[in-house]
Amino acid sequence: METLRKNPSRKECEEQIKRILMTEVLENGKNSHFKSAKDFMKYFESLYPVGESLNKQVQRAIKALDMPRDESGYFIINKTSAQMDEDREIGRILRSAKAESVDLEKYDKLFLRMDEKYREYFVKLLQESKTFEGKYVTIVNSSDGLIIYTENKTNLVTLINSLM
50 METLRKNPSR KECEEQIKRI LMTEVLENGK NSHFKSAKDF MKYFESLYPV
100 GESLNKQVQR AIKALDMPRD ESGYFIINKT SAQMDEDREI GRILRSAKAE
150 SVDLEKYDKL FLRMDEKYRE YFVKLLQESK TFEGKYVTIV NSSDGLIIYT
200 ENKTNLVTLI NSLM
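Going by the working numbering, the first residue of the sequence shown is number 50, and it counts up by one from there.
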């Protein structure tokens, strides 16, 4: 006679739910099967005695995990509700600012070694300069100078050298 194991603790349920969802995400790239406690029941019922207490324990575990849901209502395992709120706010700002990602690999880089006490003022001058307008994409302050990204490194180097 086979004996069934007792119901799992809430913590055990939480761990198993996380494992199920991580497997789902690793295999399919996202969760597209689990929206509620009942979606996990087939798994738990194959291991534990079927009953209302098992169902309640799984529901408690789902509630305790406080997992956010995607736009379709599926649980998201790798983020907390707070992270989802942050992500929504970041997305809102990106859309509002009409942000666009730019691959800097396609630009030439020029390192301009410069004393730290002059860098901030120099960048301000470049940003306001008509002469340097359109000559660079962005400037990054680094530990020993400035890294300037440009579409035409030769022209920028010539222009800088002509002013030294």
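Just so it is clear, CB atoms sit at the ideal spot from N, CA and C, and this is done for glycine as well.
Please classify residue i as buried or exposed, where buried requires at least 16 other C-beta atoms within 10 Å of its C-beta.
{"i": "N56", "result": "buried"}
{"i": "M50", "result": "Low confidence applies to M50: its pLDDT is 45, below 50, so where it sits in the model is not reliable, and the reading given next is rough at best. Counting Cβ neighbours within 10 Å, M50 comes out exposed, since fewer than 16 surround it."}
{"i": "N80", "result": "buried"}
{"i": "Q176", "result": "exposed"}
{"i": "E63", "result": "buried"}
{"i": "M71", "result": "exposed"}
{"i": "L216", "result": "Only positions 50 to 213 of the chain appear in this structure, which leaves residue 216 out of reach."}
{"i": "D193", "result": "exposed"}
{"i": "I66", "result": "buried"}
Can you name the start and end residues of the alpha helix (DSSP H) that residue i belongs to?
{"i": "N201", "result": "Premise fails: N201 is in no alpha helix (DSSP H) and is neither H nor E."}
{"i": "K67", "result": "59-77"}
Under DSSP, the beta strand (DSSP E) around residue i begins and ends at which residues?
{"i": "K158", "result": "157-162"}
Give me the residue from the options with the minimum Cα distance to residue i.
{"i": "S58", "options": "A110, Y92, G78", "result": "A110"}
{"i": "A131", "options": "I197, E73, M116", "result": "M116"}
{"i": "K184", "options": "K166, T207, R141, G140", "result": "T207"}
{"i": "S178", "options": "Y92, I209, K128", "result": "I209"}
{"i": "I69", "options": "L103, P98, N127", "result": "N127"}
Minimum length 4: unbroken alpha helix (DSSP H) runs contained in the segment 108-142: Listed in chain order, there is nothing to give.
Could you tell me whether the segment 144-158 touches the segment 189-202, using the rule of 3 or more Cβ pairs below 8 angstroms? By the criterion of at least three beta-carbon pairs nearer than 8 angstroms, the segment 144-158 is in contact with the segment 189-202.
Does the segment 78-93 come close enough to the segment 119-132 that 3 or more CB-CB pairs lie under 8 angstroms? The answer is yes - the segment 78-93 touches the segment 119-132, with three or more Cβ pairs under 8 angstroms.
Just checking, does the segment 142-150 make contact with the segment 160-174 on the three C-beta pairs under 8 angstroms criterion? Note that the segment 142-150 does not touch the segment 160-174; fewer than 3 beta-carbon pairs, one per stretch, sit closer than 8 angstroms.
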